[in-house]
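Please read the structure below before turning to the comments.
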Amino acid sequence: MPSSSKIKLDQKLNSYIRLGPTDKTREFLREFFKVLPPNGKRNLAGDLSGCANDEKLRQLVQSIRTGLLIPLKAQGGKTPNEFSLSPWLGVKDSIDYLKSPNIKPISRSSQWHLWHRCLERDGNKCVATGVYSHGHAHPPKALTSHLEAAHIIPFALRSFQANDSEAVDRYPKIWVNLRRYFPVLRSMAFTSDQIDSEKNILMLDMSLHREFGQFALIFEATSIAHEYRIKTFPNCPTGPLRDLPKNRLVKFRVHKGSRELPDPKLLKIHACIGNFLHTSGQAEIIDKLLQDFEDCGGLAPSGSTNLEDLLAASGLSSLPSNFNEASDSQKYTKKQHPTETQGSQQTGEIS
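Per the UniProt record's numbering, residue 1 is the first one in the sequence shown, and the count goes up by one each step.
In structure tokens form, the structure reads like this:
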């Protein structure tokens, strides 16, 4: 029997009238609903029910695209500048509640200690391939590579310049969407201050880090605690995958010290978003959008780039996407890299 959330969704979308053959509003919302956890489904169904007309439904889709998917996909220095606010009741109050006048930027230069703790925790190895960190202790003739600290919830959602008042205003808008559709973040009291914490980081080979950051590679939990099946999508290049285990199964464990493992709840959020991006076709659409911006610095010559989406990706910074062995060697001898500060903050969002 369909849940009450599914019934609400169907009732709203069945009466939706398309603007034309390219209007994928209905498909977008159905696919997004499928990947969400139960309480996220409930919130999305409530948002749909609150849309007074079809235009509000389209606004809801655009708020999810420009206020959640593009900022997550466009990590690595790209941060959203403008995007549609969701039409759900209370969104502005939730944004205001998450704003903090005392929020401080994260400095990459202070990240070495956290990077070192995570590297020790993961046994000086990539958690996906088992390849050892180049320049650290490893068995004779073992495969080595440059490892990077991969953030599950992207580092780009917390990093900004101290005098960037727009960023202080911008990030709460993204977090409201993230926490609304993945309410476990609220129950975890996970905020932007905890992006650079052990539970949000796993050590990956630098080539796999890129694919993980682009949601082309995800970790899906099995029935065994901290065991995951690595899933990749067709747009993932095959080269970085050659050292993955043949059965694609990996088990995370603490190799040294008293450390937090990557949190399964955060990895599930990452996997949900990865699955949606690819099953809905949004990964390809957003990649083209960002490429148009990189190539043209504005609208695509064909006029195919959606202006509102383009604005959402136009707040570009020069911050690097990771803190890695190669770049760090210029600043530290025999030392390496990543991470930030911790803290918690409760929200006044509607659950």
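For each residue, glycine too, the CB sits at the ideal point set by N, CA and C.
| Check | Outcome |
| --- | --- |
| Residue(s) in a DSSP beta bridge with F155 | None, per the DSSP bridge assignment. |
| Alpha helix (DSSP H) segments (min. 4 residues) lying fully within the stretch 243-283 | 264-279 |
| Span separating the alpha-carbon of E260 from that of N200 | 9 Å |
| Inter-stretch contact at 8 Å, needing at least 3 Cβ pairs: the stretch 174-193 / the stretch 123-143 | no |
| Cβ-Cβ separation, S145 to M203 (assumed contact under 8 Å), whole Å | Not a contact, Cβ separation roughly 11 Å. |
| T22 beta carbon less than 8 Å from that of Y16 | no |
| Enclosing alpha helix (DSSP H) for L241 [first to last residue] | Looking at the DSSP string, L241 is not in any alpha helix (DSSP H), and its letter there is neither H nor E. |
| Alpha carbon of A221 to alpha carbon of P37, nearest angstrom | 14 Å |
| Three CB pairs or more closer than 8 Å across the stretch 147-156 and the stretch 244-253 | no |
| Alpha carbon of Q194 to alpha carbon of G20, nearest angstrom | 43 Å |
| Neighbour-count burial assignment, G40, 16 or more Cβ in a 10 Å radius | buried |
| Three-state secondary structure (DSSP) of I224 | coil |
| Per DSSP, the bridge partner or partners of M203 | A149 |
| Residue burial classification, Q214 (beta-carbon count within 10 angstroms, cutoff 16) | buried |
| Of the residues L277, N177 and H151, the one placed nearest H209, counting alpha carbons only | H151 |
| With 16 other Cβ atoms within 10 Å as the buried cut-off, status of K173 | buried |
| For S4, the first and last residue of its enclosing alpha helix (DSSP H) | S4 to N14 |
| L217 in three-state terms, based on DSSP | strand |
| Start and end residues, alpha helix (DSSP H) containing E31 | T25 to V35 |
| L72 vs I273 beta-carbon contact at 8 Å | yes |
| Where R18 sits in the DSSP three-state scheme | coil |
| Rounded Cβ spacing between K12 and S49 (contact assumed at less than 8 Å) | 6 Å |
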